[in-house]
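Student: Have a look at this one.
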Ligand SMILES: Cc1ncc(COP(=O)(O)O)c(C=O)c1O
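Following this line, the structure appears as structure tokens:
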């Protein structure tokens with residue numbers, strides 16, 4: 251029997267790509283999920299499995315880039331969305347759904363006194379940065395070289411994993427003033443980070459941190475580092491903003507809490523929306539009051555036609571209700587097992603790749619293949635395609651996660667198919 255290849259199992263996707271390129275630059279709407287020579291197009295998802303246009307089913311270890319913690323089309327989330335949509339999808343009036351969801355979000359962490367909703371993580375990061383500027387009256391922000399925080403131009407600086415401290419943007423034409431106001435600091439280097447912060451201390455509104463930055467290899471911030479940042483912020487009045495859009499899932503009370511840190515503002519997204527568009531800024535009321543219009547024009551006006559729309563609120567309520575401490579413990583244990591199994595395959599194959607991450611998140615970091623000149627990112631793409639060919643979906647940079655509908659069967663299948671995919675990727679790298 252001839253071995254299946256990416257091309258041999260994706261005829262319908264190839265045809266859809268040709269059609270899509272007539273109307274969409276590159277045939278889709280997300281740079282991060284483009285794949286050469288063409289992406290696989292999804293048809294449907296159910297639980298932890300996704301089916302493509304060719305009818306090929308795969309176990310989904312990507313879950314819309316870590317969004318779908320309860321997998322696809324969870325019956326309780328579908329019911330909540332259907333019911334909410336039946337009552338009207340958006341109003342230019344506040345709703346009880348938004349109050350109820352804010353109560354649920356704020357109940358997760360004692361530093362979440364008030365919440366403000368947006369329709370994406372990008373918007374929520376933007377509002378958090380602007381809130382810090384409004385509160386402090388300062389223009390600059392500090393972020394960690396290489397870390398990703400979405401598409402807002404002030405944070406889309408050195409956001410592709412490089413540890414260079416010289417600000418640059420992949421968004422061609424980004425104004426020099428933006429780059430001048432976004433200062434790079436090194437991750438997990440308390441002395442190095444604080445030294446740079448002190449150079450600009452009078453100009454900083456906030457330090458923006460993802461406690462487990464996936465573009466930096468998904469290695470967690472250590473406690474000493476978080477403590478040094480907290481001490482600097484307490485001393486200077488600079489706000490510590492924790493972007494937990496991907497990492498909130500680490501613990502019931504969020505990532506900072508699980509890692510022994512405390513933020514002034516926390517940005518949430520992805521899993522809190524149950525698969526519907528969502529973002530949230532949360533934090534102490536003294537900081538969040540910059541949004542408050544009840545005493546006149548607020549320091550930070552914030553509108554948006556879809557902010558707190560009742561469908562996202564209802565999906566979010568259902569998602570949080572399902573995300574009990576027991577479920578978090580269960581998927582975190584499965585995440586640990588996945589990392590162990592993948593590491594053991596990599597060792598058996600004699601490769602120097604790493605599997606990083608914590609809780610239910612993992613990232614496979616490819617480095618070299620003996621006998622091949624390909625770089626880590628090129629190898630990641632080969633592995634991604636080989637996994638797709640072997641019934642597994644992860645991110646094209648090696649990012650993945652475990653979801654609540656998964657069990658031992660999916661992990662066993664992943665381990666077996668991973669071995670096959672690694673062998674194929676290594677052979678392709680050498681050819
Ligand atoms: C840490 C982090 N911040 C911000 C974002 C942007 O969120 P969204 O894609 O909802 O705009 C992401 C998305 O991957 C993220 O992982």
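Numbering (our numbering), first residue to last: 251 to 681.
Heads up, the beta-carbon is just placed ideally off N, CA and C, and yes, glycines get one too.
All values derive from a computational prediction rather than experimental measurement.
With respect to the beta strand (DSSP E) encompassing residue 605, which residues constitute its N-terminal and C-terminal limits?
Tutor: For this step, residue 605 is matched to residue 355 along the chain shown. Counting along the chain, the beta strand (DSSP E) containing residue 605 begins and ends at 604 to 606.
Student: Identify which residue in 552, 531 and 533 has its Cα closest to the Cα of residue 543.
Tutor: Taking the first residue of the chain shown as 1, we reach residue 543 at position 293. Answer by Cα proximity: 552.
Student: When you compare only the Cα positions, how much space is there between residue 294 and residue 480?
Tutor: Residue 294 sits at position 44 when you count from the first residue of the chain shown. Residue 480 sits at position 230 when you count from the first residue of the chain shown. If I take the Cα positions, the gap works out to 44 Å.
Student: For the beta strand (DSSP E) containing residue 515, list its first residue and its last residue.
Tutor: Your numbering for residue 515 matches position 265 in the chain shown. Here the beta strand (DSSP E) through residue 515 covers 515 to 519.
Student: I need the straight-line Cα distance from residue 495 to residue 486, nearest angstrom please.
Tutor: Looking up residue 495 in the chain shown gives position 245. Looking up residue 486 in the chain shown gives position 236. Taking the straight line from one Cα to the other gives about 26 Å.
Student: Is it buried or exposed, residue 425, if we count other Cβ atoms within 10 angstroms and call 16 or more buried?
Tutor: Taking the chain shown and counting its residues from 1, one reaches residue 425 at position 175. Exposed.
Student: Please list the terminal residues of the continuous alpha helix (DSSP H) segment that includes residue 441.
Tutor: In the chain shown, the residue the question calls residue 441 occupies position 191. Element bounds for residue 441: 440 to 449.
Student: Under a three-way DSSP split, which group does residue 326 fall into?
Tutor: The residue given as residue 326 occupies position 76 in the chain shown. Helix, per DSSP.
Student: Is there a C-beta anywhere in chain B that falls below 8 Å from the one on residue 619?
Tutor: The chain inventory of the structure shown lacks chain B, comprising one protein chain alone.
Student: At a cut-off of 7 Å, is residue 496 close to ligand 1 when judged by its beta-carbon and the heavy atoms of the ligand?
Tutor: Against the chain shown, residue 496 aligns to sequence position 246. Flag set: Cβ of residue 496 near ligand 1.
Student: Smallest Cα separation from residue 452: which of 463, 489, 512 and 474?
Tutor: Locating residue 452 in the chain shown gives position 202, counting from the first residue. Cα-wise, what sits closest to residue 452 is 489.
Student: By Cβ distance, which residues of its chain are closer than 7 Å to residue 303, with the 5 residues on each side in sequence left out?
Tutor: Within the chain shown, residue 303 is the residue found at index 53, counting from 1. Same-chain partners within the cutoff: 262, 263, 266, 291 and 293.
Student: Would you mind sorting residue 627 into buried or exposed? The rule is 16 or more other CB atoms within 10 Å of its CB.
Tutor: Along the chain shown, one-based indexing puts residue 627 at 377. Exposed.
Student: Count the other CB atoms within 10 Å of the CB of residue 211; is the residue buried (16 or more) or exposed (fewer)?
Tutor: The chain is shown from 251 up to 681; residue 211 falls before or after that span and cannot be answered.
Student: Identify which residue in 571, 403, 634 and 491 has its Cα closest to the Cα of residue 432.
Tutor: On the chain shown, position 182 is the one that residue 432 refers to. It is 403.
Student: Which residues does DSSP pair with residue 530 in a beta bridge?
Tutor: The count along the chain shown starts at 1 and reaches residue 530 at position 280. Note: residue 530 sits in a beta bridge opposite 367 and 518.
Student: Could you name the residues of the same chain whose beta carbon sits closer than 6 Å to that of residue 645, not counting the 5 residues immediately before and after it, in chain order?
Tutor: Position 395 of the chain shown, counting from 1, holds the residue named residue 645. So the qualifying residues of the chain are 312.
Student: Does the segment 655 to 671 come close enough to the segment 326 to 337 that 3 or more CB-CB pairs lie under 8 Å?
Tutor: These segments do not touch.
Student: Let me make sure I understand the geometry here. Which of 532, 324, 569 and 296 has the alpha-carbon closest to that of residue 363?
Tutor: For the purposes of this step, residue 363 is taken as residue 113 along the chain shown, with counting starting at 1. The option with the nearest alpha carbon to residue 363 is 532.
Student: Residue 536: buried (16+ other C-beta within 10 angstroms of its C-beta) or exposed?
Tutor: The sequence position of residue 536 within the chain shown is 286, counting from 1. Under this definition residue 536 is an exposed residue.
Student: Compute the Euclidean distance between the alpha carbons of residue 306 and residue 256, then round it to the nearest angstrom.
Tutor: As a first step, residue 306 is located in the chain shown; it is residue number 56 there, counting from the start. As a first step, residue 256 is located in the chain shown; it is residue number 6 there, counting from the start. Roughly 11 Å separates the two Cα atoms.
Student: Would you check whether ligand 1 has a heavy atom nearer than 7 Å to the C-beta of residue 553?
Tutor: Here residue 553 corresponds to residue number 303 of the chain shown, with the count starting at 1. Not so, every heavy atom of ligand 1 lies at least 7 Å from the Cβ.
Student: Rounded to a whole number of angstroms, what is the C-alpha to C-alpha distance between residue 591 and residue 545?
Tutor: Within the chain shown, numbered from 1, the residue matching residue 591 stands at position 341. Within the chain shown, numbered from 1, the residue matching residue 545 stands at position 295. Answer to the nearest angstrom: the Cα atoms are 57 Å apart.
Student: Please state whether DSSP places residue 623 in a helix, a strand or coil.
Tutor: The sequence position of residue 623 within the chain shown is 373, counting from 1. The answer is coil: DSSP assigns residue 623 none of H, G, I, E or B.
Student: Kindly indicate which three-state DSSP category residue 358 falls into: helix, strand or coil?
Tutor: The residue labelled residue 358 in the question sits at position 108 within the chain shown. Looking at residue 358 - three-state DSSP - the assignment turns out to be coil, as it is neither helix nor strand.
Student: Can you tell me whether residue 681 is buried or exposed, with buried defined as 16 or more other CB within 10 angstroms of its CB?
Tutor: Here residue 681 corresponds to residue number 431 of the chain shown, with the count starting at 1. Exposed: under 16 other Cβ atoms inside 10 Å.
Student: Taking 7 Å as the line, does the beta carbon of residue 398 fall inside it for any heavy atom of ligand 1?
Tutor: Within the chain shown, numbered from 1, the residue matching residue 398 stands at position 148. Yes, ligand 1 has a heavy atom inside 7 Å of this Cβ.
Student: In this structure, does DSSP put residue 455 in helix, strand or coil?
Tutor: Within the chain shown, numbered from 1, the residue matching residue 455 stands at position 205. Three-state DSSP puts residue 455 in a strand.
Student: Do the segment 576 to 594 and the segment 552 to 564 touch if we need at least three Cβ pairs shorter than 8 Å?
Tutor: The segment 576 to 594, when compared against the segment 552 to 564, does not touch it at the 8 Å Cβ threshold.
Student: In chain order, what residues of the same chain have a beta carbon less than 7 Å from the beta carbon of residue 656, not counting five sequence neighbours either side?
Tutor: As a working mapping, residue 656 is identified with position 406 in the chain shown. 298 and 584, listed in sequence order.
Student: How about residue 355 and residue 518: are their beta carbons less than 8 Å apart?
Tutor: Start at 1 with the first residue of the chain shown, and residue 355 comes out as number 105. Start at 1 with the first residue of the chain shown, and residue 518 comes out as number 268. Contact: yes.
Student: Determine the closest residue to residue 514 out of 386, 548, 325 and 522, with distance taken between C-alpha atoms.
Tutor: Looking up residue 514 in the chain shown gives position 264. Among 386, 548, 325 and 522, the Cα nearest to that of residue 514 belongs to 386.
Student: Taking 7 Å as the cut-off, does the CB of residue 419 come closer than this to any heavy atom belonging to ligand 1?
Tutor: Stepping through the chain shown from its first residue, residue 419 is reached at position 169. No, Cβ of residue 419 sits at least 7 Å from all heavy atoms of ligand 1.
Student: Which residue from 368, 444 and 271 puts its Cα closest to that of residue 555?
Tutor: By 1-based counting over the chain shown, the position of residue 555 is 305. Ranking 368, 444 and 271 by Cα distance to residue 555 puts 368 first.
Student: If you draw a straight line from the C-alpha of residue 450 to the C-alpha of residue 345, how long is it?
Tutor: Locating residue 450 in the chain shown gives position 200, where the first residue counts as 1. Locating residue 345 in the chain shown gives position 95, where the first residue counts as 1. Near 42 Å, if we compare the C-alpha coordinates of residue 345 and residue 450.
Student: DSSP three-state call for residue 656: helix, strand or coil?
Tutor: Taking the chain shown and counting its residues from 1, the one referred to as residue 656 is at position 406. Of the three classes helix, strand and coil, the one that applies to residue 656 here is coil, per DSSP.
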